[in-house]
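Take a look at the structure set out below.
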Amino acid sequence: MISQFPQCENLSEQVESLLQLLHQEPALRTQDTSSVQSSLRKVVSPTFEIVFAGAFSAGKSMLINALLERELLYSAEGHATGTECYIAYAEPEAEKVILTFLSEAEICEQAEVLCQRLSLTTHVRINQPEVMNLLCQGCELIIQQEGGESKSERAKQAKALILLLEGFEANRDRIHNTNNATYSMEQFNFSNLKEAASYARRGSNSAVLKRVEYYCHHPLLQDGNILIDTPGIDAPVQKDAELTYRKIEHPDTSAVVCVLKPAAAGDMTKEETELLEAMRGNSGIRDRVFYVFNRIDETWYNTQLRQRLDGLVISQFQESSRVYKTSGLLGFYGSQIKHTSGSDRFG
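Here this note's numbering is used: the first residue of the sequence shown is 3, the next is one more, and so on.
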C-alpha cells in the first residue's frame with residue numbers, strides 16, 4: 003500500500019527520527035509513544051486486518067457473505083461457536099481452505115461449562131456414547147421446554163452443546179487429545195473451496211473448529227484486506243467472548259466493523275454497550291471503528307422500532323460519521339441475483 007504513495011516510502015525512518023527527537027527533550031521523555039509505534043506498524047504492513055465483532059446472531063457472518071458475494075461462513079439464528087474465520091486473497095486457481103480443530107481437551111472443557119450452565123451432568127466424558135446420548139436428550143428437552151432453540155439463552159446453550167457433541171462424534175478421527183490438528187482441504191478430498199466451505203459451515207463441524215482460513219478470489223481482498231469473523235461477545239462459553247476482545251485489542255488489527263442488533267431489537271444489550279466502551283477506549287482502533295446496524299429491513303414496517311433505532315443513533319452515535327444501516331441477508335441474496343439471468347428468475 004505504501005508503494006502507491008511515493009512520499010511515504012521512507013515513513014518508518016521519518017517517524018523513528020521524530021521519536022528520537024522526542025526522547026531527547028527532557029520534558030517529553032515520559033510521553034507514551036506506543037500508540038504511534040502501533041499505528042506505524044499497521045501503516046507499513048502489507049495487510050489490513052478488519053475484524054467483525056458483535057453479538058452472535060447479529061449477522062456478522064451473513065454480512066461478510068454479502069460483501070464477498072458467496073456463501074462462505076456459517077450463518078444461522080441461535081448458533082454460536084468459538085471459531086475464528088480468516089479470509090484472505092487468492093488467485094482463482096489457488097483458492098483453498100485450511101481447517102484447525104479444537105483439541106479433545108478443549109471440547110471437554112467447553113462441554114463442562116455448558117453442562118454447568120444447563121444444570122446437567124458434570125465431569126463430562128465425551129468418549130462414552132451413553133453419556134453423550136443422555137446429554138443430547140437432556141438438551142432436546144430443554145429446547146422443547148423453552149419453546150425453540152433460539153427462544154432463550156438457555157435454549158441457545160443447549161443447542162450449542164448438542165452441536166459440540168455431534169461435531170466431536172462426526173470428526174473424532176481428526177481431533178487430537180491435546181493438540182490443535184490442522185488440515186488442508188486436499189486432506190479431506192475436497193476439490194474446491196465451495197466443497198470445503200460447505201463442510202465448515204455445517205453446525206456440528208463448525209462447533210469443533212477452532213480456526214478456519216479461507217483464501218478466495220475477490221477484488222475486496224486483492225489489495226491486502228483480510229476479513230476476520232469472530233465469536234459472539236455473548237457466546238455461551240466465556241472463553242469465546244474473550245477471544246473476540248483479544249482480537250479487537252491485538253496490534254495487528256487495523257479496523258473493526260461492529261455489527262449491532264438494535265435494528266431488530268430496538269435497544270442495545272449490556273454486552274454491546276460494553277463492547278462499544280472497550281473500542282472507544284482503545285486508541286489503536288477507535289478512529290477506525292465502523293458501526294453497522296444490521297437487519298434494517300425489520301424496521302421498514304415497524305414505526306415504533308424505527309423510531310427507537312433513530313433515537314439510539316442520535317443519542318449515542320451522533321459524533322461518528324461511520325454509522326451504516328443495512329441488511330446482510332438482503333445484500334447476500336441481491337449479490338446472488340446479480341449472477342443470474344432473467345430466465346433464471348421467478349416473479
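All C-beta atoms, glycine included, are put in the ideal place defined by N, C-alpha and C.
Kindly provide the ranges of any alpha helix (DSSP H) runs that are 4 or more residues long and lie completely inside the stretch 194-248, ordered along the chain.
195-203 and 205-209
Please confirm if the stretch 95-107 is in contact with the stretch 240-253, defined as three or more CB-CB distances below 8 Å between the two stretches.
The stretch 95-107 vs the stretch 240-253: no contact.
Counting pairs of Cβ atoms below 8 Å between the stretch 300-309 and the stretch 92-99, do you hit three or more?
no
Any idea which residues DSSP pairs residue 376 with across the strands?
Here the chain covers residues 3 to 349 and nothing more, so residue 376 does not appear.
So what's residue 137 in DSSP terms, helix, strand or just coil?
helix
For residue 89, I'd like the list of residues in its chain whose CB is within less than 6 Å of its CB, leaving aside the five on either flank, ordered along the chain.
216 and 229
Residue 324 to residue 309, Cα distance in whole Å?
20 Å
Does the Cβ of residue 269 have 16 or more other Cβ atoms within 10 Å, making it buried, or fewer, making it exposed?
Residue environment for residue 269: exposed (fewer than 16 other C-beta atoms within 10 angstroms of its C-beta).
Cβ of residue 169 within 8 Å of Cβ of residue 202?
no
Run through the stretch 145-182 for me and flag every whole alpha helix (DSSP H) of 4 or more residues, listed as ranges in chain order.
With a minimum length of 4 residues, the continuous alpha helix (DSSP H) runs that stay inside the stretch 145-182 are 155-172.
Can you have a look at residue 188 and say buried or exposed, based on whether 16 or more other CB atoms are within 10 angstroms of its CB?
exposed
Bridge partners of residue 50, per DSSP?
227
Determine the contact status of residue 261 and residue 61, defining contact as a CB-CB distance below 8 Å.
Contact: yes.
Does the beta carbon of residue 120 sit closer than 8 Å to a beta carbon anywhere in chain D?
The chain inventory of the structure shown lacks chain D, comprising one protein chain alone.
Tell me, please, whether the stretch 166-185 touches the stretch 129-144 by the rule of three or more beta-carbon pairs shorter than 8 Å.
yes
By how many angstroms is the C-alpha of residue 341 removed from the C-alpha of residue 119?
45 Å
Here's the rule: buried if 16 or more other CB atoms are within 10 angstroms of the residue's CB, otherwise exposed. What is residue 158?
buried
State the DSSP-derived secondary structure class of residue 103, mapped to helix, strand or coil.
In the structure shown, residue 103 sits in a strand (DSSP, three-state: E or B).
Taking residue 332 and residue 264 to be in contact with their CB atoms under 8 Å, please state how far apart those CB atoms are, rounded to whole angstroms.
Their Cβ separation, rounded to whole angstroms, is 18 Å, which puts residue 332 and residue 264 out of contact at 8 Å.
Just grab the DSSP bridge partners of residue 90 for me.
217
Identify the continuous beta strand (DSSP E) that holds residue 185 and give its terminal residues.
Per DSSP, the unbroken beta strand (DSSP E) holding residue 185 starts and ends at 184-186.
According to DSSP, is residue 305 helix, strand or coil?
helix
Taking the C-alpha atoms as reference points, what is the distance between residue 16 and residue 338?
C-alpha separation (whole angstroms): 47 Å.
Does the beta-carbon distance from residue 172 to residue 207 come in below 8 Å?
yes
Might you give, ordered along the chain, the residues of its own chain that have their beta carbon closer than 6 Å to the beta carbon of residue 91, omitting 5 neighbours on each side?
Cβ neighbours of residue 91 beyond the five flanking positions: 223 and 224.
Which residue marks the beginning of the alpha helix (DSSP H) containing residue 333, and which one marks its end?
330-340
Please report how far the alpha carbon of residue 180 lies from the alpha carbon of residue 109, in whole angstroms.
10 Å
Give every residue of the same chain whose Cβ lies closer than 8 Å to the Cβ of residue 204, excluding the five residues on either side of it in the sequence, and list them in chain order.
76
Identify the continuous alpha helix (DSSP H) that holds residue 67 and give its terminal residues.
62-70
From 284, 286 and 307, pick the residue whose C-alpha is nearest to that of residue 295; which is it?
Residue 307 is the option with its Cα nearest to residue 295.
Are the CB atoms of residue 299 and residue 54 nearer to each other than 8 Å?
no
Going by CA-CA distance only, name the one from 52, 57, 56 and 277 that's closest to residue 69.
That would be 52, whose Cα lies nearest to the Cα of residue 69.
Report the option in 279, 163, 74 and 65 whose CA atom is closest to the CA atom of residue 198.
With distances taken between Cα atoms, residue 198 lies closest to 74.
Starting from residue 273, trace the alpha helix (DSSP H) in both directions and tell me its first and last residue.
272-282
Can you tell me which of 287, 160 and 274 puts its alpha carbon nearest to the alpha carbon of residue 137?
Residue 137 has its Cα closest to that of 160, out of 287, 160 and 274.
Less than 7 Å between C-beta atoms, sequence neighbours within five positions excluded: which residues of the same chain meet that for residue 334?
64, 67 and 68
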